[in-house]
Structures are given as C-alpha cells and as structure tokens.
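Under the working numbering, the sequence shown has 36 at position 36, and the numbering climbs by one with no breaks. Right, one structure below, let's go through it.
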Amino acid sequence: MTVTYKDWHEMLHFALLAYRTSIRTSTRAIPYSLVYGMEVVLPIEVEIPSMRVLAESELEEAEWAKQRYEQLNLIDEKRLTALCHGQCYQQRMARAFNARVYHREFNPGDLVLRKPLYVIAGYEPHFRHLSPSVLFRLHTHVASAHSVISTCTLSIYDHL
C-alpha cells in the first residue's frame with residue numbers, strides 16, 4: 001500500500017471504489033443496488049469472470065430482459081426495506097443521543113454559560129472569542145423559540 005503517501009492520487013480510485021460499493025449502516029444496502037436494482041459488477045469481475053457474469057453472459061437476450069424486468073420490479077421492495085432500516089437506525093441514534101443528553105429549559109433572565117458555535121451559517125456574533133467561563137444573561141426576542149441559540153441574544157452579566 002501507500003508508504004510515503006505521495007502516490008495518494010493513484011490509490012484514490014481504489015478508495016472511492018471501496019466506498020461506493022460498501023454497505024451503508026443506515027440502509028443495510030449498497031446505494032448502487034437501490035438505484036439500479038442490481039449489484040455492481042466490479043472491474044475485477046470483468047477481467048476474471050465470476051459465476052454471476054458467466055451466468056448473465058450465457059443468457060439469451062429475451063431471457064435477460066425478462067430477468068432484468070423482474071429485478072426492476074423488486075426495486076421498490078428493496079427501497080422500502082432500506083427506508084425501514086433507515087428509520088430504525090435513526091431511532092437507535094436518537095435513543096443513544098437522548099440517553100446522554102439532559103433536557104434543560106431556559107427562561108428569560110436565567111444565567112447561562114455560553115460556548116461559541118461556529119456552525120450556524122451567516123451568524124457572526126461579536127462575542128466569538130470570549131472566554132468560555134463568562135456568564136451571560138438570557139434575553140429572548142421571539143415568543144415561540146425553536147432553539148435557544150438562534151432566537152436569543154446574550155448580554156454579559158455583571159459580577160455575581
């Protein structure tokens with residue numbers, strides 16, 4: 001494999017092939033099979049024919065078309081199965097997240113400890129580089145706040 005990491009551009013094709021043909025945890029399927037209804041034919045299977053490639057090459061055109069039509073009819077079933085697996089995966093992730101997170105409610109005037117967030121697009125707070133140990137007083141401006149960070153402004157609270 002790569003020892004000096006200077007030939008990464010030559011190994012990129014192999015990494016992309018491995019990523020594109022691997023089974024996703026959330027859907028338990030390869031994205032290629034969900035789109036096209038059949039497993040991907042690897043380049044090595046073309047050079048050294050596998051049983052699947054040999055079986056498909058010996059089929060007559062009418063029989064091949066019939067099998068392909070049956071595969072296309074099963075795509076919806078595969079997609080529904082993948083959707084079910086995706087929903088189960090989301091529930092598992094939500095359960096794992098909720099097991100570690102404590103629900104807290106903030107009211108106007110409560111003291112909060114602010115940690116800078118850099119992921120909100122278009123949001124440039126003027127207190128970005130303050131110390132994380134500075135206390136702020138919470139003031140909400142929107143009656144139905146979806147999220148505390150995006151719907152409130154924080155002002156520095158004077159000495160305790």
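Positions of the beta carbon are idealized from the N, C-alpha and C atoms, including for glycine.
Could you check the C-alpha separation between residue i and residue j for me, to the nearest Å?
{"i": "L42", "j": "Y69", "result": "22 Å"}
{"i": "L83", "j": "A96", "result": "20 Å"}
{"i": "T153", "j": "P108", "result": "With a pLDDT of 46 at T153, under the threshold of 50, the modelled position of that residue is not reliable, and the figure given next carries that caveat. About 10 Å."}
{"i": "Q174", "j": "M11", "result": "With the chain represented from 1 up to 160, any question about residue 174 goes unanswered, as that position is not in the structure."}
{"i": "L17", "j": "V40", "result": "10 Å"}
{"i": "K6", "j": "S22", "result": "26 Å"}
{"i": "H9", "j": "R20", "result": "17 Å"}
{"i": "A99", "j": "M93", "result": "10 Å"}
{"i": "A15", "j": "N73", "result": "32 Å"}
Can you tell which of the options has the C-alpha that lies nearest to the C-alpha of residue i?
{"i": "K78", "options": "Y32, K66, L17, E10", "result": "Y32"}
{"i": "V35", "options": "S57, I75, Y102, V112", "result": "I75"}
{"i": "H85", "options": "T25, E10, Y5", "result": "T25"}
For residue i, does the count of other Cβ atoms within 10 angstroms reach 16, so buried, or fall short, so exposed?
{"i": "H13", "result": "exposed"}
{"i": "T27", "result": "buried"}
Practice task
With a floor of 4 residues, list each alpha helix (DSSP H) that falls wholly inside the region 56 to 80, ordered by position along the chain.
Solution key: 61 to 73
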